[in-house]
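Notes follow the structure.
In our numbering, the protein residues as written are 8 to 100.
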């Protein structure tokens, strides 16, 4: 395994620096040792109950609608983590 691409939702509660650090540690001594980690942060899509619009937020620290400033938001998408791609070197040692 030479590379992994992961998409992290803005509301996933995943700290990217901690994930990067831990990834290197868990790969040591395995076929994934030296594997490059590519992280992509994704905006969260929310529905505002007050202004009845879909809005996007970049961070879980901001929980107000950018249109009307209401805090009645419902997360619709991007509150998780997704493995997008895994690259494997097929050559033998």
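All C-beta atoms, glycine included, are put in the ideal place defined by N, C-alpha and C.
Residues near residue i in its chain [Cβ-Cβ closer than 8 angstroms; skip 5 each side]
i: residue 91; result: 12, 13, 14, 47
Beta-carbon proximity check, residue i vs residue j, cutoff 9 angstroms
i: residue 64; j: residue 80; result: yes
i: residue 29; j: residue 42; result: no
i: residue 19; j: residue 85; result: yes
Inter-residue Cα distance where the pair is residue i and residue j
i: residue 16; j: residue 97; result: 31 angstroms
i: residue 77; j: residue 53; result: 12 angstroms
i: residue 25; j: residue 32; result: 11 angstroms
i: residue 73; j: residue 61; result: 10 angstroms
i: residue 37; j: residue 9; result: 12 angstroms
i: residue 39; j: residue 87; result: 23 angstroms
i: residue 50; j: residue 93; result: 22 angstroms
i: residue 22; j: residue 57; result: 30 angstroms
i: residue 89; j: residue 83; result: 16 angstroms
Secondary structure of residue i, DSSP reduced to three states
i: residue 63; result: strand
Subject >> Length at least 4, wholly inside the region 15-94: the alpha helix (DSSP H) runs in chain order >> reply: 23-34
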